[in-house]
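Quick notes on the structure that follows.
Numbering (the UniProt record's numbering), first residue to last: 1 to 1106.
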């Protein structure tokens, strides 16, 4: 396939520059790497998903680079470019594949290196070893490592760090393998003391105390200095805690008794653990990672390797530029390797002025001498990279020193990017020590600051507002256009910065100075001064400051600000009558969400200020006055929103029925003074969307407001027209309440159905369907025909299975509605099959099968062929292999049941057996567990794939991929709602939550009664209610039971640990993170799933015996 690279969005700009070039001698490999990296980033994702087209483009682009390097591209008129090194492009693919955890692409690129006669370097080998190990195949990773040792690219300390960590995260080899790697590292002169600490952590992850003891003996024999380092004692403490289920002390006591540790060292370990707190050595490190915690020796090895690689390129005749070294500086910036920046800079200077001479040392530097390379002289852009690196590493004084150093360099100038990087770094560090001096230098250099730079400067001076004001008004260089507007924006940011930093006096003085110098108030300054008000601990103090600002003409004299204050202090004041920092944080978040209040009220500030303000009082009179204030100004665009804010505040903070009735009367009386009370009320309800409320609260408030006057005043056609004009802006929760009083479903049916069609995609599917199904005028065959294609599309392509509920009614035409829906599904799956090149997958009709089963249409002649085709494509049922065991020699717990007693429920026959046995009167307890595909890195959570239900003599594995939920509801509702059947689980709340999320359309998961959760140290029967809370199943005192449940302590160890303590054998977790959506389930998965549930019954018996 011929690629039109010049037309591709990613490679196009590069190709167009290349085709327009007259001189090809300066084109280097680095320029071609960016498209490859972009394609690999799009093609591979850490959650395992992939886009093959982007990946194939990357590999095809590499092949084109090979063509350019060896022959040129005659069709495009590009001559041979011998300076190109395709090996660098393949290394880019290996690195990108490593980051995404894709072995296939990494190995493919690695193999292509050999095809094109290139030798993989040490970091390419290490990256491949890393990704193979992270994918669970450590023996294959070790095989690749052995191959590496025989090549010219010998392993370095990074390689050995990667391998040692891999041993800790895999059961594929014995823990002793890390000792082998330590010996090899010594032989290869790649040893570093940090490897010993990594080996200790590996032993902890593998729970291997014997090997950990041998590592400690290695430290004693070969690295005695390490035993004086706090890193050693901290690591020993973390390792000891992980090695024994009973904690730190047993392991330390054993090591002291055997002479591995002295008593003094043991005491030091305990002291450090008390200071440091929770362990971080829990296996969370990424294999082969390079970050700010990387040991200095590893850093040195990496940096020297990168520099030597550039030297080798120069020796081979390739062009190496300043950009290559700046890339190394950028890597140090990302890794927070401050000390290594100077190493790279010194190497550049040496190469530029003196060249390079081979040394006789063992650092890997060899080859021919290199003459001076003047093209590697440091440039202004290099100094930008240096300053940026130091600022990102947190060393502002060192970065400032570099900025000043430029004065002594005649060929270097300070340009805008340098100032931008310094200001950005100072802003992130909240360090403005040298900002004034930097601005002075900028004026001397005739640099014009950007808008963003000015904003960051303003935000730094919240504690020193006077100097900030002086700099922003008189010093910051801003060019000649839009200066006044820019300074207005900077000063607004300064006022806000003062407010955020609790400098209320500074905010007030800054705003006064703004007005004095010809600047003006704005919505931003209103917000900032309001933030000053909520810095107080009581509402009275906040109101006093608000009144002060309004009396001083610094804030608008409108009642909405007092309404916000009263709401915040009522809702967010904590027990003990304190409005603390936590309260303030929530209030600030709400304030940001309601910023439209300040923006809209300020749009009408001239009219509002001309009409006068309102005095802040307390009590019902204040509420009535506030409502009348806005209703008397109904013509202003901001009034409906301000009215709705005040109504929301009053209605949600009313403590009793009398105060609520009084509030409603105040609202009613105020509305009556407007020219059109119904229209103003509708406008206020529509404005509720700006208040950042939950959907449920929105609907409730809309209902409360609408009943105030609609019982007295009729809605007219113009009111319905207004509601229709606002439909695109509203949620279905508000539309439902509007429809209850305006009856849009009668007068504007088509508009309402068009709204619902959009809402199915943008709003709550359940709420939209409920809205339609509760209105007989809308819920009919015509609506089903109109929305059916959208429902089918969501069902097939979006996996939204609850749309089926729309067709499961008792309407007269419901059967025909269901048939039509199934036809829509068939049409979509047929269309997908035509586009699918895989013929086997194209005829499965999986979704059609589910829909037909849900609607019980499987015996109708029209649909029987699709049922037969779907069944033919289904995998055969999987039966458990009771003898399946993990590959290692560890003795794991096994299910004490015969093979035929473990039943996968994926067909009607198995369901009949499960129903018959589980509904026996003798079943008084069941154990529950659920599995789903791992989704820690996925954008959307995975749905439950199976639910295991174990009774004393059977384990049933209900397969949600194969079975329709409608067929399981009756059995599940009987089991989960029964008070006589105990439901036993471990951290079962998570399973219940996932079940409800996966299948919101069914009711059988709403309530779980008589639940016993072994993840708590004390067992108490609880009930998990549908609306979220967990309550005691049997209790005479609700308060006492609630307090008792809150005091329950969770076990610090997981289920496998608890099982080992109680039953003597641990659980094998090999299948825990396997793909539970893939069919058929493997024998190992079935065995794992069965034991995960049945072991809970064994646990209960063991606890009862004790």
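Think of the CB as a built atom: it goes at the ideal place given N, C-alpha and C, for glycine as much as any other residue.
Against chain B, with Cβ distances strictly below 9 Å, would residue i count as a contact?
i	result
residue 792	Absence of chain B from the displayed structure is noted, only one protein chain being present.
Helix or strand or just coil, what does DSSP make of residue i?
i	result
residue 287	The pLDDT assigned to residue 287 is 40, lower than 50, so where the model puts this residue is not dependable; a value taken from the coordinates is nonetheless given after this. DSSP places residue 287 in coil when its eight states are reduced to three.
residue 133	helix
residue 392	helix
residue 22	coil
residue 357	coil
residue 10	coil
residue 447	coil
residue 861	coil
residue 175	coil
residue 566	helix
residue 208	coil
residue 169	coil
residue 949	strand
residue 376	helix
residue 370	strand
How would you call residue i, buried or exposed, if buried means at least 16 neighbouring beta carbons within 10 angstroms?
i	result
residue 420	buried
residue 489	buried
residue 736	buried
residue 215	buried
residue 797	exposed
residue 517	exposed
residue 592	exposed
residue 1066	buried
residue 570	exposed
residue 841	Reliability fails at residue 841, whose pLDDT of 46 lies under 50, so the model's placement of it is uncertain and the value that follows must be treated cautiously. Looking at its Cβ environment, which holds fewer than 16 other Cβ atoms inside 10 Å, residue 841 is exposed.
residue 1071	buried
residue 580	exposed
residue 745	buried
residue 235	buried
residue 231	exposed
Check whether the Cβ atoms of residue i and residue j sit closer than 9 Å, and answer yes or no.
i	j	result
residue 96	residue 128	no
residue 61	residue 5	yes
residue 789	residue 824	yes
residue 83	residue 162	no
residue 1118	residue 628	Limits of the chain in this structure are 1 at one end and 1106 at the other, which puts residue 1118 out of reach.
residue 895	residue 1090	yes
residue 950	residue 927	yes
residue 918	residue 975	yes
residue 164	residue 138	no
residue 729	residue 753	no
residue 545	residue 526	no
residue 967	residue 853	yes
residue 874	residue 844	yes
residue 1092	residue 869	no
residue 204	residue 212	yes
residue 202	residue 175	yes
residue 596	residue 530	no
residue 498	residue 465	yes
residue 90	residue 69	no
Measure the beta-carbon distance from residue i to residue j and round it to whole angstroms, keeping in mind my assumption that it falls under 8 Å.
i	j	result
residue 311	residue 370	7 Å
residue 478	residue 455	With a Cβ gap of about 12 Å, residue 478 and residue 455 do not count as contacting.
residue 1107	residue 903	Not covered by the structure: residue 1107. The range shown for the chain is 1 to 1106.
residue 256	residue 200	With 8 Å as the limit, residue 256 and residue 200 do not qualify as a contact, their Cβ atoms being about 16 Å apart.
>> In chain order, what are the residue ranges of uninterrupted beta strand (DSSP E) at least 3 long that sit wholly in the segment 955 to 1027?
In response: 955 to 959, 982 to 985, 1008 to 1013 and 1022 to 1024
> What are the complete beta strand (DSSP E) segments, minimum 3 residues, inside the segment 474 to 521?
Replying inline: none
> Fully enclosed by the segment 635 to 679, which alpha helix (DSSP H) runs are 4 residues long or longer?
Replying inline: 639 to 653 and 657 to 671
> Which runs of the alpha helix (DSSP H) fall wholly inside the segment 781 to 855 and span at least 4 residues, in chain order?
Replying inline: 781 to 797, 814 to 835, 839 to 842 and 846 to 855
> What are the start and end residues of each continuous alpha helix (DSSP H) run of 4 or more residues lying completely inside the segment 687 to 765, in chain order?
Replying inline: 695 to 710, 717 to 726, 732 to 742, 744 to 747 and 749 to 762
>> For a minimum of 3 consecutive residues, which ranges assigned as the beta strand (DSSP E) are wholly contained in the segment 897 to 931?
In response: 902 to 905
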